[in-house]
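Q: Residue numbers (this note's numbering), protein chains in the order written: chain A, 1 to 154; chain B, 1001 to 1154; chain C, 2001 to 2086; chain D, 3001 to 3086.
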Amino acid sequence: MSIKPDIRIQAEDFDIKAEIEKLTQGRTDIGAVVTFSGLCRGEGDTLSALELEHYPGMAEAEITRIAEQAMKRFGLLGMTAIHRYGKIKPSENIVLVIATSPHRQASFDGANFLMDFLKTRAPFWKKNHLVDGDDGGWVDAKDADDNALGKWEK
Amino acid sequence: MSIKPDIRIQAEDFDIKAEIEKLTQGRTDIGAVVTFSGLCRGEGDTLSALELEHYPGMAEAEITRIAEQAMKRFGLLGMTAIHRYGKIKPSENIVLVIATSPHRQASFDGANFLMDFLKTRAPFWKKNHLVDGDDGGWVDAKDADDNALGKWEK
Amino acid sequence: MTIKLVYFAWLRERFGMGEEQVDLPESVKSISDLFDWFETRGEEFEAVMEHRKIIQVAIDQEHVQDSGTLIGDAKEIAIFPPMTGG
Amino acid sequence: MTIKLVYFAWLRERFGMGEEQVDLPESVKSISDLFDWFETRGEEFEAVMEHRKIIQVAIDQEHVQDSGTLIGDAKEIAIFPPMTGG
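1. For alanine 144 of chain A, count neighbouring Cβ atoms within 10 angstroms of its own Cβ and tell me buried if that reaches 16, exposed if not.
2. Please decide whether valine 1033 of chain B counts as near chain A, where near means a Cβ-Cβ distance under 7 angstroms.
3. Within the stretch 3047–3077 of chain D, note down every full beta strand (DSSP E) run reaching 3 residues or more, in order along the chain.
4. Anything in chain B within Cβ reach of methionine 2049 of chain C, meaning under 8 angstroms, just list it in chain order.
5. Hey, which unbroken runs of the alpha helix (DSSP H) at 4 residues or more fall wholly within the stretch 61–125 of chain A?
6. Using 10 angstroms around the beta-carbon of isoleucine 3054 of chain D, count the other beta-carbons present and answer buried if the total reaches 16, otherwise exposed.
7. Can you have a look at glycine 150 of chain A and say buried or exposed, based on whether 16 or more other CB atoms are within 10 angstroms of its CB?
8. Under the assumption that isoleucine 63 of chain A contacts leucine 118 of chain A (Cβ atoms under 8 angstroms), give the Cβ distance between them as a whole number of angstroms.
9. What residues in its chain sit with their C-beta under 7 angstroms from that of glutamate 1068 of chain B, if we drop five residues either side in the sequence?
10. Measuring only the C-alpha atoms, how far is arginine 8 of chain A from glutamine 2056 of chain C?
11. Residues in the same chain with beta-carbon distance under 7 angstroms from methionine 1 of chain A, minus the five sequence neighbours each way, listed in chain order, please.
12. Using 10 angstroms around the beta-carbon of glutamine 3065 of chain D, count the other beta-carbons present and answer buried if the total reaches 16, otherwise exposed.
13. Report the neighbours of proline 170 of chain A on chain D: residues whose CB is nearer than 8 angstroms to its CB, in chain order.
14. Identify the continuous beta strand (DSSP E) that holds phenylalanine 36 of chain A and give its terminal residues.
15. Can you give the beta carbon distance from leucine 3011 of chain D to isoleucine 3077 of chain D, rounded, assuming they're within the 8 angstroms contact cut?
16. Can you name the residues of chain B whose CB is closer than 7 angstroms to the CB of glutamine 2065 of chain C?
17. So which residues on chain C does threonine 1120 of chain B lean against when the C-beta distance must stay under 7 angstroms?
18. Kindly indicate if chain D contains any beta-carbon less than 7 angstroms away from that of lysine 151 of chain A.
19. Counting contacts by CB-CB distance shorter than 7 angstroms, is glutamate 60 of chain A in contact with chain D?
20. Closest to glutamate 12 of chain A by CA distance: which of A/Leu96, A/Pro102, A/Met79 is it?
21. Under the three-state reduction of DSSP, which class applies to aspartate 2033 of chain C: helix, strand or coil?
22. Which whole-angstrom value is the C-beta distance of serine 91 of chain A and threonine 1028 of chain B, which I expect to be below 8 angstroms?
23. I need the straight-line Cα distance from phenylalanine 2008 of chain C to aspartate 1109 of chain B, nearest angstrom please.
24. Does the beta carbon of serine 101 of chain A sit closer than 7 angstroms to a beta carbon anywhere in chain B?
25. Quick one: give me the first and last residue of the alpha helix (DSSP H) that lysine 22 of chain A is part of.
26. Name the chain B residues whose beta carbon is nearer than 7 angstroms to that of glutamine 2021 of chain C?
27. If you check the beta carbons only, do glutamate 1051 of chain B and lysine 1127 of chain B fall under 7 angstroms apart?
28. What are the boundary residues of the beta strand (DSSP E) that leucine 50 of chain A is part of?
29. Using a C-beta to C-beta distance shorter than 8 angstroms, which residues of chain D count as neighbours of lysine 126 of chain A?
30. Report all residues from its chain with a CB closer than 7 angstroms to the CB of threonine 1024 of chain B; omit the five preceding and five following residues, and keep chain order.
31. According to the neighbour-count rule (16 or more other Cβ atoms, all chains shown, within 10 Å of its Cβ), is glutamate 60 of chain A buried or exposed?
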C-alpha cells in the first residue's frame, strides 16, 4: 500500500481534529499519530502580524518531495502538511504537519524530519509587521535551522 | 511563570482540538505545539478490544512527576497528558500527550520523552480481547520500550 | 502489622483478588522477605513468585527498585507485572 | 532567449516587481553569468547582487546549489533569499 502525502498551501486556517480524522478514519493499523503545529509568536507584544510569501507550485512540489522521503525513510502510513500564506496574527496557526505510523518513534521522527526540511528548503518567506506600524523587515534565516538538518544525516 | 502539567486518567475519549486550545488560548509566547495520540491497533483484525487497567492515584502521581521533569528539562510552556482506562476498541484513542514551547525541538523532545517514560513507568497494564472470543492475555512489556529510555540519559 | 496489599493485571487474576488486608509476620521486614512469605501462602502465590525477578513493587504508591527495601510503616504495598501503558 | 525571472521577499521589494520577461544576452549560459549580467542592470540590481553568496536560485522550480549550473532551455528562473518557512 503506497499512500501519497496530502500537501496543501492555503490562506485559510486548518482544523487539526478533522485532519487527523482524514488520516485515521476506518483504519486499524495506525498506532501513533504525531502532529506539529507552528504558531505565530507575538515577540513580547511587538509583532502585529507575520506576512508569509511563497513560491506557488514549487512550494507544493518541494514539500511533497520531502514528505515522500519522510514516509519512505520512517515507514509512515500517512502524512499531511498544510502551510498557510498571507497575514497571520500572533497565536494563529502557520503550519501543520501530521505523521501516522504503527509505532510511536516513526511518527515522531517523520514529523520532526519534515519540519526541519520545511524550515530551510520550502520556498516560504516571512516578513514582520510591527505593532508600532513599522515594517519589521524580513525574517533572517537561522543557522540553527540549517544545523538542525544535520541530525538526519546517516 | 511556572505552569503545572495537566494530567488526567479517564474512561472517556478526549478532544484533541479542545485540549490544544486550553494550552494555547490567549497566549502569544507559544510557537510550537506537538501532540502524540496513541491508538488501539487491530493487529490484523484479530483484536476486538484492549482492556486497560491502572493503579488509581499512583498513575496520576507518576505521570505528573515525569511531566514536571519534562517541562523543566526542555523548557516547556505547557503539557497535557490524558490516559484512558477500560475497554478500548481498534482505531480508538488510548493516550494523548501535548507539549507546547516557543521553538519546535523542545516540544518534540518533551512529548517524546513523556511517552517513553509513560510506556514503562506509568502503572497501566493492557489486556488483549480477541475477535474469536478468546482471552488474548496480558500484553508483555517490550524490551524496545525499556531501551527507548536510554536516549534520554545525559 | 496490618497492611493493605494491592494486585494488578495477571497477578490480580491469579490471586483472585485486587486487594487484601494482611497481618504480616514479624519476620517480614523487606520486600524480599514479603516475597519469601508469599511463597508459603499456597499454590497460586508460589506460582506467581516464580516470576519474582520481573515483578514490580510500589510502597505507598512509590516505585521500589531494590528488593532489599524495608517496608517500615507503609500502609499499602502494590505488586504488579512490568507496566505496559501508553 | 526570452525567459521569465521571478523574485521573492526582499528581492521582489528591491526590484519593485515580482516577475519579468527578459531577453538574456547570448553570453549568459550559467547562473553565475546571470548574476554578472544583473550587476550591469542598474543600481538596485547591483545592490542586491552584493548578497549573491546567500541568494538562492531555482530553475523551473528546482533548487540549484551550484552557481555554475547551466540555464539551458529553462522557462523560469526564480531568485530569492534563504527560505524562512515553517
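Cβ atoms here follow ideal geometry from the backbone N, Cα and C, with glycine treated the same way.
A: Taking the geometry as given:
1. In the first sequence, counting from the first residue as 1, residue 144 of chain A sits at position 144. Classification of alanine 144 of chain A: exposed, given that the 10 Å Cβ count is below 16.
2. Here residue 1033 of chain B corresponds to residue number 33 of the second sequence, with the count starting at 1. With 7 angstroms as the cut-off, valine 1033 of chain B counts as an interface residue toward chain A.
3. DSSP runs (the beta strand (DSSP E)) wholly in the stretch 3047–3077 of chain D: 3056–3059, 3062–3064.
4. Position 49 of the third sequence, counting from 1, holds the residue named residue 2049 of chain C. Those do not exist, as methionine 2049 of chain C stays about 17 angstroms from chain B at its closest Cβ, beyond 8 angstroms.
5. The DSSP assignment places 104–121 as complete runs of the alpha helix (DSSP H) inside the stretch 61–125 of chain A, in order along the chain (cut-off: 4 residues).
6. Within the fourth sequence, numbered from 1, the residue matching residue 3054 of chain D stands at position 54. A residue is called buried once 16 or more other Cβ atoms fall within 10 Å of its Cβ, and isoleucine 3054 of chain D, having fewer, is exposed.
7. The residue labelled residue 150 of chain A in the question sits at position 150 within the first sequence. Glycine 150 of chain A should be labelled exposed.
8. Taking the first sequence and counting its residues from 1, one reaches residue 63 of chain A at position 63. Taking the first sequence and counting its residues from 1, one reaches residue 118 of chain A at position 118. Taking the Cβ atoms as the reference, isoleucine 63 of chain A lies roughly 6 angstroms from leucine 118 of chain A, within the contact range of under 8 angstroms.
9. The sequence position of residue 1068 of chain B within the second sequence is 68, counting from 1. Counting only Cβ-Cβ distances below 7 angstroms, and skipping sequence neighbours, we find Pro1005.
10. To locate residue 8 of chain A, count along the first sequence from 1; it is residue 8. To locate residue 2056 of chain C, count along the third sequence from 1; it is residue 56. The straight-line gap from Cα to Cα measures roughly 49 angstroms.
11. Residue 1 of chain A sits at position 1 when you count from the first residue of the first sequence. For methionine 1 of chain A, the pLDDT reaches just 48, beneath the cut-off of 50, and the residue's location in the model is therefore unreliable, although a value from the coordinates is still provided. Excluding residues within five positions, none has a Cβ falling inside 7 angstroms.
12. Counting from 1 along the fourth sequence, the entry for residue 3065 of chain D is found at position 65. Result: exposed.
13. As displayed, chain A neither begins before 1 nor continues past 154, which places residue 170 of chain A out of reach and without an answer.
14. To locate residue 36 of chain A, count along the first sequence from 1; it is residue 36. Where phenylalanine 36 of chain A is concerned, the enclosing beta strand (DSSP E) stretches over 32–39.
15. The sequence position of residue 3011 of chain D within the fourth sequence is 11, counting from 1. The sequence position of residue 3077 of chain D within the fourth sequence is 77, counting from 1. Rounded, the Cβ-Cβ distance is 12 angstroms, inconsistent with contact.
16. Within the third sequence, residue 2065 of chain C is the residue found at index 65, counting from 1. Contact note: glutamine 2065 of chain C does not reach chain B at a C-beta cutoff of 7 angstroms; the least C-beta distance is about 11 angstroms.
17. Position 120 of the second sequence, counting from 1, holds the residue named residue 1120 of chain B. Taking a Cβ-Cβ threshold of 7 angstroms, the residues of chain C close to threonine 1120 of chain B are Met2083, in chain order.
18. What you label residue 151 of chain A is simply residue 151 of the first sequence in a count that begins at 1. Among the CB atoms of chain D, none fall inside 7 angstroms of the CB of lysine 151 of chain A.
19. In the first sequence, counting from the first residue as 1, residue 60 of chain A sits at position 60. For glutamate 60 of chain A, the answer is no, since every Cβ of chain D falls outside 7 angstroms of its Cβ.
20. Indexing the first sequence from 1 puts residue 12 of chain A at position 12. Comparing Cα-Cα distances from glutamate 12 of chain A to each of A/Leu96, A/Pro102, A/Met79, the minimum goes to A/Leu96.
21. Counting from 1 along the third sequence, the entry for residue 2033 of chain C is found at position 33. Secondary structure of aspartate 2033 of chain C (DSSP, three-state): helix.
22. To locate residue 91 of chain A, count along the first sequence from 1; it is residue 91. To locate residue 1028 of chain B, count along the second sequence from 1; it is residue 28. In this structure serine 91 of chain A is in contact with threonine 1028 of chain B, their Cβ atoms being roughly 5 angstroms apart against a cut-off of 8 angstroms.
23. As a position in the third sequence, residue 2008 of chain C is number 8, starting the count at 1. As a position in the second sequence, residue 1109 of chain B is number 109, starting the count at 1. Straight-line Cα distance between these residues: approximately 31 angstroms.
24. To locate residue 101 of chain A, count along the first sequence from 1; it is residue 101. Closer than 7 angstroms: no.
25. Sequence index remark: in the first sequence, residue 22 of chain A carries index 22 (1-based). That run of the alpha helix (DSSP H) goes 16–24.
26. Against the third sequence, residue 2021 of chain C aligns to sequence position 21. In chain B, no part has a C-beta under 7 angstroms from the C-beta of glutamine 2021 of chain C; the shortest such distance is about 18 angstroms.
27. Indexing the second sequence from 1 puts residue 1051 of chain B at position 51. Indexing the second sequence from 1 puts residue 1127 of chain B at position 127. Here glutamate 1051 of chain B is near lysine 1127 of chain B, since their CB atoms are less than 7 angstroms apart.
28. Position 50 of the first sequence, counting from 1, holds the residue named residue 50 of chain A. Segment 47–54, the beta strand (DSSP E) holding leucine 50 of chain A.
29. For the purposes of this step, residue 126 of chain A is taken as the residue at position 126 of the first sequence. Result: Thr3084, Gly3085.
30. Taking the first residue of the second sequence as 1, we reach residue 1024 of chain B at position 24. These residues qualify, in order along the chain: Ile1030, Val1033, Thr1100.
31. Taking the first sequence and counting its residues from 1, one reaches residue 60 of chain A at position 60. By the neighbour-count rule (16 or more Cβ atoms within 10 Å), glutamate 60 of chain A is buried.
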